[in-house]
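Quick note, the sequences are listed as chains A and B, same order.
Residues in the first sequence are numbered from 1 upward in steps of one, following the working numbering.
Residues in the second sequence are numbered from 1 upward in steps of one, following the working numbering.
First the structure, in the form of structure tokens, and then the observations on it.
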Amino acid sequence: GENVEQHPSTLSVQEGDSAVIKCTYSDSASNYFPWYKQELGKRPQLIIDIRSNVGEKKDQRIAVTLNKTAKHFSLHITETQPEDSAVYFCAASKPGGFKTIFGAGTRLFVKA
Amino acid sequence: NAGVMQNPRHLVRRRGQEARLRCSPMKGHSHVYWYRQLPEEGLKFMVYLQKENIIDESGMPKERFSAEFPKEGPSILRIQQVVRGDSAAYFCASSPPGSRVTDTQYFGPGTRLTVL
């Protein structure tokens with residue numbers, strides 16, 4: 001069945017450093033890859049997404065890359081700040097399907 | 001424009017009771033998705049509904065769980081005869097009409113169910 005694997009499960013970085021979170025997906029028909037940020041006790045919020053017709057997308061300090069051949073995509077956060085500390089989820093979905101499959105999440109700690 | 005609303009935000013039930021969770025999608029949205037999140041885990045898809053129709057319930061447990069999205073009113077996720085393992089946060093999300101799941105889903109604040 002469809003599966004999304006996410007690594008690492010926990011990531012600790014120093015303020016100002018970069019953070020990279022990686023995901024792989026199993027269904028080659030997947031074509032939409034959103035990333036969500038969830039702070040403790042709050043709802044998941046979309047921070048960036050990418051569709052399969054592009055390889056990279058950037059929004060200020062956040063960027064996402066997609067390698068369709070290898071079936072993996074990554075989230076890059078530069079110049080991390082303490083308020084970036086949260087759990088980040090990657091996800092994948094495909095046309096004609098109705099499920100979004102989420103990764104297990106990465107808990108990011110940014111140390112001041 | 002109000003976002004996705006869920007109520008109650010916290011729900012405590014004893015084993016064997018019924019839990020009813022409500023979700024009002026964003027104004028103009030006709031697609032609703034329910035997810036379950038166990039403590040320290042990711043979001044697991046449960047069911048996708050449009051008005052008066054269940055489109056995909058492949059993530060829903062076969063017993064005790066049901067969902068509906070009536071023509072009028074909120075979407076309801078019902079859990080009958082709750083057990084301790086049902087304790088989790090239940091999130092719903094909505095997206096606009098005419099969209100496939102590849103359009104952005106907007107999440108509600110969640111209902112945290114605790115089964116004693």
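Ideal Cβ positions, reconstructed from N, Cα and C, are used throughout, including at glycine.
Because the structure is a prediction, the values reported are computed rather than measured.
Does any residue of chain B have a CB that is nearer than 8 Å to the CB of A/Ile101? At a cut-off of 8 Å between C-beta atoms, A/Ile101 counts as an interface residue with respect to chain B.
Using the DSSP secondary-structure output, state which residues sit across from B/Ala93 in a beta bridge. Bridge partners of B/Ala93: B/Tyr33, B/Phe107.
Buried or exposed: where does B/Leu116 fall if 16 or more other Cβ atoms within 10 Å of its Cβ makes it buried? Answer is exposed; the Cβ neighbour count stays below 16.
On the criterion of 16 or more Cβ atoms from any shown chain inside 10 Å, does B/Val126 qualify as buried, or is it exposed? Any answer about residue 126 of chain B is impossible in this case: the structure gives chain B only from 1 up to 116.
For A/Asp49, three-class secondary structure by DSSP: Looking at A/Asp49 - three-state DSSP - the assignment turns out to be strand.
Please report how far the alpha carbon of B/Gln81 lies from the alpha carbon of B/Arg15, in whole angstroms. Rounded to the nearest angstrom, the gap between the Cα atoms of B/Gln81 and B/Arg15 is 7 Å.
Just tell me which of A/Glu79, A/Ser85, A/Lys111, A/Ser28 has its CA closest to the CA of A/Phe73. Residue A/Ser28 holds the alpha-carbon nearest to the alpha-carbon of A/Phe73 among A/Glu79, A/Ser85, A/Lys111, A/Ser28.
Are the Cβ atoms of B/Val6 and B/Thr111 separated by less than 8 Å? Note that residue 6 of chain B is Gln in the sequence shown, not Val. Their beta carbons are under 8 Å apart, which means B/Gln6 touches B/Thr111 by this criterion.
Note down the Cα distance separating A/Phe109 from B/Ile55, rounded to an integer number of angstroms. Straight through space, the alpha carbons of B/Ile55 and A/Phe109 are spaced by roughly 38 Å.
Could you tell me whether any Cβ in chain B is nearer than 8 Å to the Cβ of A/Leu11? By this cut-off, A/Leu11 is not an interface position.
Excluding the five sequence neighbours on either side, which residues of its own chain have a C-beta within less than 8 Å of the C-beta of A/Val54, listed in chain order? When the five nearest sequence neighbours on each side are left out, the beta carbons in the same chain lying within less than 8 Å of the beta carbon of A/Val54 are those of Leu66, in order along the chain.
Cα-Cα separation between A/Lys37 and B/Ser75, rounded to whole angstroms: Between the C-alpha atoms of A/Lys37 and B/Ser75 there is a straight-line separation of about 25 Å.
Please classify A/Gln81 as buried or exposed, where buried requires at least 16 other C-beta atoms within 10 Å of its C-beta. Burial check for A/Gln81: the Cβ neighbour count within 10 Å stays below 16, so the residue is exposed.
Say whether chain A places a C-beta atom closer than 8 Å to the C-beta of B/Phe69. Not an interface residue.
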